[in-house]
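Heads up, the sequence shown is in the working numbering, so the first residue is 84 and it goes up one at a time.
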Amino acid sequence: MAPSTYKDKPSGALLSFNAKWISWMHTLVAYTAFLSALVLGCSLHYHKIVKNEFYGYPDEWFPSVSATIGDRYPERAFFQFFIAITSGPRFALVGLWYLLTAKPGKTLPKFVGSMGLLRTLTCGGWTYITSTDDHDWHDIFMISYLVITIPWTFGCIALSPPNAKAIKYRKYLATAFFSTLVPLVYFFIQHKVHRVAGAYTTYAFFEWSLILFDVAFDAVTALDFSTFEVVVRDVGGLSQGEKARVPTTNRVLAKQKTRATGGLFDAKFSLKELFDTAAEVYHGFVFWSTLTSLGVVIWYFPLWHMGISGYEALIMSTTSPFLLANKSFRSFVLNNLRACHMLSLAGLVAWLVKDPVYRLFTVGFGVWMSCLSWAATLFSENVHATRLESRIFAWTVGLILSSTAKFAWWTNNPIWPIMHAGNGGKNEIGLTLAVIAAWRFTRRAPLNTGLAKDDRTGGSAFLSALGVGGLFFGLHSLLSDTSTMILWVWEGYPVRGPQSAAHGWLTLAAMSLGLITGITRPKLVSTWSAFGVGSVGAAILTTRHNWIGYAGALTTAFYLMAIAVPILTQAAKKSPATTFGWGFFIYNFVVLFHVWVVAYAFVPGGPLVREHTDWVMSTMMVLIGAGVWDLTAVNASAQQSPRPAPTQSQHRKYHDWALALTNILFLISAYYRLPSSDYKPYHEESRVMTAGIWTIHFSIDNDMYSSEYRMRDLIKELELDVVGLLESDLQRIIMGNRDTTQFLAEDLGMYVDYGPGPNKHTWGAALLSKFPIVNSTHHLLPSPVGELAPAIHATLDCYGELVDVFVFHSGQEEDPEDRRLQSEYLAELMGSSPRPSILLSYLVTQPLLGNYNKYVSQTSGMHDVDPSDWDRWCEYILYKHLHRVGYARVSRDSITDTELQVAKFVIPTNDAEKALVSNMDRDYTMRNRRVDEGSIPEGWRFPSLFRGEGVRGHRYHVFDEPRYYTP
């Protein structure tokens, strides 16, 4: 019997029509809602709805969706009227889709149907609560809608009936929708961060395109619903699942669906496997969290001892797999893996240990047990290819999850032992989940109890160990934080390359794609050709900057994650004492090498490797090349004696979902990290710039906890508009691959220049500014003997006037010739600027003596903020061509080892004020005349909060109160 049409009303039915009209009704009314608002808005309020917070017509000439539907009457009323009508067909569309795709024993249709229902509800949230009504809830519903759109889209493709035209349209529209998100975010950042005129108009076009693609994707259901009549009765028989005969053509189309979704939706849903995957991935996350925390807690001791302390020996905690050389001990560990993995959680408990020494030993024990347990676990699974692959997949996804958590917490891991509730830590929650995950992770008995032959594949165990050492160093040093390689290629303002918050996901995406490639094509990535590509990427990263350098970074990220799978697989099939014991020992050697290139002034033999990051990168790739050598030998042997391919398991689908979810979490975090501040200085009405200099001791306080939150509070309460930070480069293994400036800049609403990057071999100099940074140049000052001296020369737009700010860290006291050369270089650099200037510095000299008279000289044109301040040795603020109106020194409490010095300047506004400044520059007595606080305007004064005993251990000291000067 031919299918009925909407004209052929079934017997006994009062009404029947073809279900495709529900799709058409939904499409028509949805488009009418948006387009009617656009036409009315442009007709009635054009100039108002194209205007944004920075620009209006003619710079911006096309309205965004939010401005069109949410700001004005009557367009808002028209939109909400038609969108309310849309809800009826929308709920019907979701229900019909479920009826069409539901099959006996299948869980996926229920999941996709629930996503469609939630998607409809969240759509109502962001359309009826506009950004004008409540910006936060509007964003929450909008983000939820976009996130839920991902499973809805791929689920619809996976469940599509065998209709070639519908499948094709869905693939094209889904690709267009998700591709549009990239330029959408880019132009939003251009508008919000860089304030580019016209960028919001371009953003608006992509925003409207999303609407068109989104509605069009759902409109494709009309092609599938033509077999349905609303009575409701399935006249096509498609909902009967296996009971219906599927023609050969349909089976071919079903394979096309599988390829379109990567097979992600083909797995049968199992709650048990879901929990197993979550436990494996989280336990992998715990391993990387513990390992990456070890360097930070070790670094605390040489930092305070100003040299080797002896505690550095704890870096060898990773070499515990050496113990597995003893077969009796190996058998004991393999038969007690649950206890071993539970003991490894000591690294998470360490945050409760207050004494830094005991906390270090607790973390060291956790790393010792963690490396031992994971090496034993992989060895125990080497007789079962699928289970081994599942463990390695989870271990590497754990690294990606760790990088995601660090991005969400501004480069700090929330479960590190340097974290606690007061500085953003989530240690209690992290530990609780870790216990559950470790228990679940170890629920299966080991397959290999240590009595089997060590080497099951041939090849060289030592070559494999070299590969493991190079691999772990690459993963840890470059990929444990998504901003590390971005800061390698950062060159200052104007922005010419990637930025940490805006482009960090590209690093994570490259890591994810590399991991998937390594899992699905291990032999492809194990070739010398792939190794060549990875080596070229590492070379470009090391030698180039900006976008070209970042292209090398993405290539390196992709290759390291891809080669991780075959290298770790082969390592697990050999003696764990050799592959992981020696592997971690070699990893430790390269870690020390990587530290020595910048810490050469404090270690024996350091000058031999001074500033040789290129040697470090070459060593890493040579070690990985040794692992590739072993892989190629094993693969060649396997071709001569082929073995049966392992049976595919569903675990890949669950781990793919875990990887996809991690990427979604990263993108959500990136959205919340989009700047929302207006970047206004604190006393705009008084044209005051409050500047400060602070040596922050690598953001580790005296009690071995991360200090960003405490720093943030003091900078905010002192109302600093510009602050130079020294000892601020934390993008190395020993410092946790962190970046304090990201948190401070985003929380305080300031522009940031990180300064010379991690591959420039300095201890760091950074600049935070409430004023736009027009241009910045990074300098490495002459340092023939001692450590490199970094400097930033930045030009700021201060109330319409260009002001130069120099941030500088001089060399050590032990190297007088270095400091003499640096003082001459910086004096000439400052003297080359005719503009008003400020130096925020660490000079290592006494006031009025020695090199001080080069910094404060006719060559530089700079003046001391207060020449009578005799109690200085390191930190100095100098200036020229500015009204200096105040100076204070604020105690540090236990945040660092150095106080915060601050000064207030008034920016000259006219020729008379500029002439007065010139006279003061020439007249010492006039320039250094102090006045009472009561004689200066309120906006020029320092906060009274820090008078007397102050707050939280911060107070005005040395002078007991700020000093003020007459302009």
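Just so you know, even glycine gets a beta-carbon here, dropped at the ideal spot from N, CA and C.
- In the three-state scheme derived from DSSP, where H, G and I count as helix and E and B as strand, residue 979 is classed as coil.
- Judged by their CB atoms, residue 138 and residue 287 are not nearer to each other than the 8 angstroms cut-off.
- Counting along the chain, residue 881 sits inside no alpha helix (DSSP H); it lies in the beta strand (DSSP E) bounded by residues 872–881.
- Distance from the Cα of residue 807 is smallest, within the candidate group 838, 796, 789, 822, for 838.
- For residue 889, the enclosing beta strand (DSSP E) begins and ends at 884–892.
- In the DSSP assignment, residue 856 falls within the unbroken beta strand (DSSP E) covering 856–864.
- Counting C-beta pairs closer than 8 angstroms gives three or more between the stretch 172–179 and the stretch 192–208, which meets the contact rule.
- In the structure shown, the three-state DSSP call for residue 904 is helix.
- When secondary structure is reduced to three states using DSSP, residue 628 falls in the coil class, being assigned neither helix nor strand.
- Residue 359 sits in a helix when the DSSP states are folded into three classes.
- Rounded to the nearest angstrom, the Cβ distance from residue 132 to residue 146 is 4 angstroms, consistent with a contact under 8 angstroms.
- In the structure shown, the three-state DSSP call for residue 101 is strand.
- Exposed is the label assigned to residue 388, since fewer than 16 other Cβ atoms lie within 10 Å of its Cβ.
- The shortest C-alpha to C-alpha distance from residue 660 to any of 635, 413, 441 is the one to 413.
- By DSSP's assignment, residue 553 forms no beta bridge with any residue.
- Residue 168 places its beta carbon 8 angstroms or farther from that of residue 122.
- Residue 631 and residue 253 have their C-alpha atoms some 35 angstroms from each other.
- With contacts defined by Cβ atoms closer than 8 angstroms, residue 106 and residue 308 form a contacting pair.
- Under the criterion of beta carbons closer than 8 angstroms, residue 762 and residue 834 qualify as touching, at roughly 7 angstroms.
- For the options 684, 813, 1023, the alpha carbon positioned closest to that of residue 898 is the one of 684.
- Using a 10 angstroms sphere on the CB of residue 453, the tally of other CB atoms reaches 16 or more, which defines it as buried.
- DSSP places residue 307 in the helix class (H, G or I) of the three-state scheme.
- Residue 956 is classed as exposed because its beta carbon has fewer than 16 other beta carbons within 10 Å across all chains shown.
- Per the C-alpha coordinates, the member of 932, 823, 129, 424 positioned closest to residue 570 is 823.
- Excluding sequence positions up to five before and after residue 159, its CB lies within less than 8 angstroms of the CB of 120, 152, 153, 213, all in the same chain and listed in chain order.
- One thing to note: residue 386 has its Cβ no nearer than 8 angstroms to the Cβ of residue 978.
- Here residue 557 is buried. Its C-beta has 16 or more other C-beta atoms within 10 Å.
- Burial is judged here by how many other beta carbons sit within 10 angstroms of a residue's own beta carbon; residue 982 has at least 16 and is buried.
- DSSP, reduced to helix, strand and coil, places residue 280 outside both helices and strands of the structure shown, so it counts as coil.
- Counting only the Cα atoms, residue 911 lies some 15 angstroms from residue 924.
- Counting along the chain, residue 759 sits inside no beta strand (DSSP E), nor does DSSP assign it H or E at all.
- Cβ-Cβ separation between residue 481 and residue 816: approximately 17 angstroms, too far for a contact (criterion under 8 angstroms).
- Taken through DSSP and simplified to helix, strand or coil, residue 159 comes out as helix.
- Annotated as distal: residue 951 and residue 926, with beta-carbon spacing of 8 angstroms or more.
- Residue 429 sits in a helix when the DSSP states are folded into three classes.
- Runs of alpha helix (DSSP H) with 4 or more residues, each lying fully within the stretch 680–745, are found at 696–723, listed in chain order.
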